[in-house]
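Be aware that the sequence shown starts at 1, since it is given in my numbering, and climbs by one per residue. In what follows, a structure is listed as structure tokens, so that the remarks can point back to it.
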Amino acid sequence: MALLHILRYPDPGLRLISAPVATVDGEVRQLIDDMLETMYAAPGVGLAAPQVSVAQRIIVVDISPKGDAPLCLINPEITSLTGGVVMEEGCLSVPGLHENVERAEQIKVQALGCDGVPFELEAEGLLAVCIQHEVDHLEGKLFVDYLSELKRNRIQKKMEKQRRFSM
Ligand code: GNR
Ligand code: NI
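What follows is the structure, given as structure tokens:
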């Protein structure tokens with residue numbers, strides 16, 4: 001087990017398009033273990049592999065209050081998006097920022113589990129929002145992209161400033 005370093009906006013690594021996982025082997029399972037440990041330590045309710053500098057289509061999620069219901073989705077494909085909901089989102093790669101984003105309220109998603117076996121999941125509410133947020137990471141997309149350009153530029157300047165002071 002290991003804690004992984006989480007990239008921070010505007011790191012260009014967060015803009016990469018992640019590649020599908022070809023085989024779910026021991027290396028992938030080790031990465032998933034480390035991602036879960038990193039997500040729980042942060043703490044966060046989700047984490048996508050590109051946030052820890054691995055441009056592969058792997059996400060982990062756990063929205064349970066006790067943090068005892070880990071979900072892992074490899075090569076996730078959202079097959080249905082319905083309804084709409086506005087939720088306040090945060091991102092471990094954009095620390096300190098919480099903003100309202102509108103997303104689908106219900107989704108269906110197909111993926112491989114950490115055992116490599118395909119499954120389908122129907123999700124709504126926070127889980128649906130969280131999965132959409134993580135799948136966006138696999139496309140190099142961040143929740144700040146849904147905000148106005150003015151707001152996003154302000155955030156980017158603030159984060160660059162924080163980075164300079166922490167170096
Ligand atoms: O910890 C997280 N909380 C959160 C809250 C609302 C919507 C999405 C999220 S995901 C975020 C962790 C993260 O950055 N995942 O990529
Ligand atoms: Ni995020």
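Built from N, CA and C at the ideal position, the CB exists for glycine as well.
Within the chosen definition, does the segment 59-76 reach the segment 104-117 through at least 3 CB pairs nearer than 8 Å?
yes
Which whole runs of the beta strand (DSSP E) in the segment 34-95 are 3 residues long or more, in chain order?
46-48, 58-61, 71-82, 85-89
Along the chain, where does the beta strand (DSSP E) that runs through residue 134 open and close?
Here residue 134 belongs to no beta strand (DSSP E); instead the alpha helix (DSSP H) covers 125-138.
Given a cut-off of 8 Å on the beta-carbon distance, is the pair residue 94 and residue 61 in contact?
no
Take residue 87 and list the residues in its own chain whose beta-carbon comes closer than 6 Å to its own, dropping the five residues that flank it on each side.
129
Which partner residues of residue 162 appear in the DSSP bridge assignment?
BP columns for residue 162 are empty, so no partner.
Cutting at 6 Å between CB atoms, please list the residues of its own chain near residue 140, excluding the five before and the five after it.
15, 16, 17
Report the residue from 90, 25, 157, 50 whose alpha carbon sits nearest the alpha carbon of residue 126.
90
Closer than 7 Å: is that where the CB of residue 130 sits relative to any heavy atom of the ligand NI?
no
Near the ligand NI, which residues have their beta-carbon closer than 6 Å to a heavy atom?
91, 92, 93, 133, 137
Can you tell me the Cα-Cα spacing of residue 80 and residue 107, whole angstroms?
5 Å
Run the CB neighbour count on residue 26, radius 10 Å, all protein chains shown included, and call it buried at 16 or more, exposed below.
exposed
Per the DSSP calculation, residue 104 is bridged to which residue(s)?
DSSP lists no partner for residue 104.
Looking at the ligand GNR, does it come within less than 7 Å of residue 44, judged from the CB to the closest heavy atom?
yes
Nearest CA to the CA of residue 42: which residue from 96, 82, 30?
96
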